[in-house]
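Note sheet for the following structure.
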Amino acid sequence: MKKLIFTFCLALLVSPILKAQEVLTLEECIQIALENNLDIKRARNNAIAAKANLTQSKFNFLPSLSAGASHNWNEGLQFDNTSGSLVNTTTLSGGGSIGGSITVFDGFSNLLGMQRNKILYDASEETIKSNIQSTEASIVFSFLQVITTEENLKIAEQTRGLLNEQLDREEKREKAGVGNMEQVYNFRSQVAQQDLNIVNLRNSLESNRLTLLQLLLLDPSKDYQFEGITTNDAELEQSIGDYNTVFEKSMSFSPAVKSAELNLAASQKNLKAAQFLWMPSLTINGGYGTSWSSNIKLRDGSGQLILPVQVLDVGTQFDQNRSKQASLNLNIPIFTRFQNRNQVQQSKIQMLNSELGLQQAKNNLTNLVQQAYLNLVNAKSTYAAAKQSMINLNMAFEFAKSRYENGTIDFVTYLQSLNGKNNGELQLVQAKYTILFRQLILDIYTGESNRGN
């Protein structure tokens, strides 16, 4: 019974610790970033606004329709439009109207506006994808920094373990009278140096971890751990596609380039619309209305007032006072204080800037793909060399370790062999993760890991 109670209490104590630690994979980090990233949220809001503008530009082809009603009270001298007389009395009046207007021709303004807004909406969708792409690349790079530093820390701790083993051996030999304090001090110095290396690596790990958590918009005070990526030699040694093929795929897929191309197309539509501002516009208007007034009295067939004087009922007045109107309006811009010319100039400048934006987007993508491809090629070369070198370094270290323990080589030679093994392990780990993550980044640029929007 006591054993059961102890086990239960231990579980209660350990449970919060286990629960507090959360292990995140690279894919989970990317998904969290895509959900939390403010630039992506802002881009989605802009896309919603662009869609609303597109919808409105379609509605601009519809006629406008409006209606109104009024009830008025006037005191004193006035001209009553409904009765058509000058009166000096208290007047009650009212009426209602309905009117509409339709644009027959507006210099293609509505048509070009709709086309421009459709292009801008498509551009906003590509901007979302571009933000997703850049967010994925940022997370992959930051995740690489964390995982590589963790692996380097493990190697440093393993090296310290080897040094501690040798230190313990030398201390025992010195106590037994077969060793010397010089070797003990040498190993203590190396252990202290390795402790400093470990502290520096831990500091780098915390800094890289903080950077990643900030990108994810997660609380750095919580205990998040990050899971490494497993792979095999076949994947690491897989050949790389031809650069031109990779570059062309990246260029044809790039949302940033597509967005810049669409913005250029939109600015061209905007310029065309500005050039058509000199064209005339034609609209058709129509309306129907009626009114009543307390100054219109009930009269007999000869036009004489009927006594006692009574106001003609509202229904009859509405029927008698009906009015209809229709108009065809032609507007020809002759002189607009050079506003149209200025609009054309502004549109041309906007188009030129859009062309520069497209070129900048292509240049940025070219630089990114070139750098990622070169890093991947170099990492594969480094990995192949480091892998072969590591085999030789391990054999050399084991041989040096055995000879040192037998007293046939000095401490400096042993330390050189240990440092060579340690550096070889670091290079191998660095090359391995560089291959993995640079390949992931290239997949992002070429769209092979596209997660949509």
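Per this note's numbering, residue 464 is the first one in the sequence shown, and the count goes up by one each step.
For each residue, glycine too, the CB sits at the ideal point set by N, CA and C.
Only a predicted model underlies this, so the values are computations on that prediction, with no experimental measurement involved.
Reducing DSSP to helix, strand and coil, say where residue i ends up.
i, result
"Gln788", "strand"
"Gln688", "strand"
"Ser715", "helix"
"Glu589", "helix"
"Ser744", "strand"
"Leu725", "helix"
"Ile503", "helix"
"Ile565", "strand"
"Ser527", "strand"
"Glu491", "helix"
"Glu485", "strand"
"Thr598", "helix"
"Thr829", "helix"
"Ser912", "coil"
"Arg804", "helix"
"Gly870", "coil"
"Leu903", "helix"
"Ile854", "helix"
"Phe471", "Note that Phe471 has pLDDT 48, beneath the 50 cutoff, so the model's placement of it is unreliable and no number is given."
"Thr694", "coil"
"Gln834", "helix"
"Asp705", "coil"
"Leu476", "Since pLDDT at Leu476 reaches only 48, below the 50 mark, its modelled position is unreliable, and no value is offered."
"Thr799", "coil"
"Glu700", "coil"
"Phe571", "coil"
"Gln767", "coil"
"Gln578", "helix"
I think residue i touches residue j, with their Cβ atoms under 8 Å apart; what is that distance to the nearest whole Å?
i, j, result
"Leu856", "Ile618", "In fact, because the Cβ distance is near 13 Å, the residues do not count as touching under 8 Å."
"Asn573", "Phe524", "6 Å"
"Asn748", "Gly559", "That pair is no contact at about 18 Å."
"Ser730", "Met814", "4 Å"
"Glu614", "Val892", "4 Å"
"Tyr836", "Leu881", "Tyr836 to Leu881, Cβ: 36 Å. No contact."
"Ile898", "Leu839", "7 Å"
"Glu633", "Gln653", "Contact doesn't hold; Cβ gap of about 11 Å is too wide."
"Arg623", "Gln677", "The Cβ separation is near 30 Å, so there is no contact."
"Gln583", "Ala513", "According to the sequence as given, residue 583 is Leu; it is not Gln. Their Cβ separation, rounded to whole angstroms, is 5 Å, which keeps Leu583 and Ala513 in contact under 8 Å."
"Ser533", "Thr746", "Actually they do not touch by this definition, with Cβ atoms about 25 Å apart."
"Phe900", "Asn649", "In fact, because the Cβ distance is near 38 Å, the residues do not count as touching under 8 Å."
"Glu690", "Leu487", "7 Å"
"Leu679", "Asn794", "Going by Cβ atoms, the distance from Leu679 to Asn794 rounds to 57 Å, so no, they are not a contact pair."
"Ser548", "Asn758", "7 Å"
"Lys887", "Ala849", "According to the sequence displayed, residue 887 carries Gly and not Lys. Yes, they are in contact, since the Cβ atoms of Gly887 and Ala849 sit about 6 Å apart, within 8 Å."
"Ile610", "Tyr896", "6 Å"
Which partner residues of residue i appear in the DSSP bridge assignment?
i, result
"Gly559", "Ala532 and Thr753"
"Lys760", "Val774"
"Asp543", "Ser548"
"Thr897", "According to DSSP, Thr897 bridges with nothing at all."
"Thr554", "Asn537"
"Leu793", "Leu745"
Distance cutoff 8 Å, beta carbons only. Does residue i sit that close to anything in chain D?
i, result
"Asn830", "Structure shown: chain D not included; a single protein chain is present."
Sufficient close CB pairs (3 or more, under 8 Å) joining the region 712-721 to the region 536-550: No, because fewer than three Cβ pairs between the region 712-721 and the region 536-550 fall closer than 8 Å, the two stretches do not touch.
Measuring CB atoms only, is the region 727-743 touching the region 544-563, in the sense that at least three cross pairs come out at less than 8 Å? Contact annotation: the region 727-743 does not touch the region 544-563, with fewer than three C-beta pairs closer than 8 Å.
Note down, one range per segment and in chain order, each alpha helix (DSSP H) of at least 4 residues found wholly within the region 608-683. Taking only runs of at least 4 residues, the alpha helix (DSSP H) segments lying wholly in the region 608-683 are 644-679.
Below 8 Å, can you find three or more Cβ-Cβ pairs linking the region 850-869 to the region 658-666? Verdict: no, contact absent.
For the structure I just gave you, are there three or more beta carbon pairs, one from the region 588-606 and one from the region 495-512, closer than 8 Å? The answer is yes - the region 495-512 touches the region 588-606, with three or more Cβ pairs under 8 Å.
Check whether the region 799-809 touches the region 720-727, counting contact only when three or more Cβ pairs, one atom from each stretch, lie closer than 8 Å. Fewer than three beta-carbon pairs drawn from the region 799-809 and the region 720-727 are found closer than 8 Å, and the two stretches are therefore not classed as touching.
Tell me, please, whether the region 742-762 touches the region 601-616 by the rule of three or more beta-carbon pairs shorter than 8 Å. A contact between stretches requires three or more CB pairs, one per stretch, nearer than 8 Å, and the region 742-762 fails this requirement with the region 601-616.
Three Cβ pairs or more, each shorter than 8 Å: is that satisfied between the region 485-498 and the region 599-609? Verdict: yes, contact present.
Flag this pair as touching only if the region 751-761 and the region 775-794 have three or more C-beta atom pairs under 8 Å; answer yes or no. With the cut-off at 8 Å, the region 751-761 and the region 775-794 touch.
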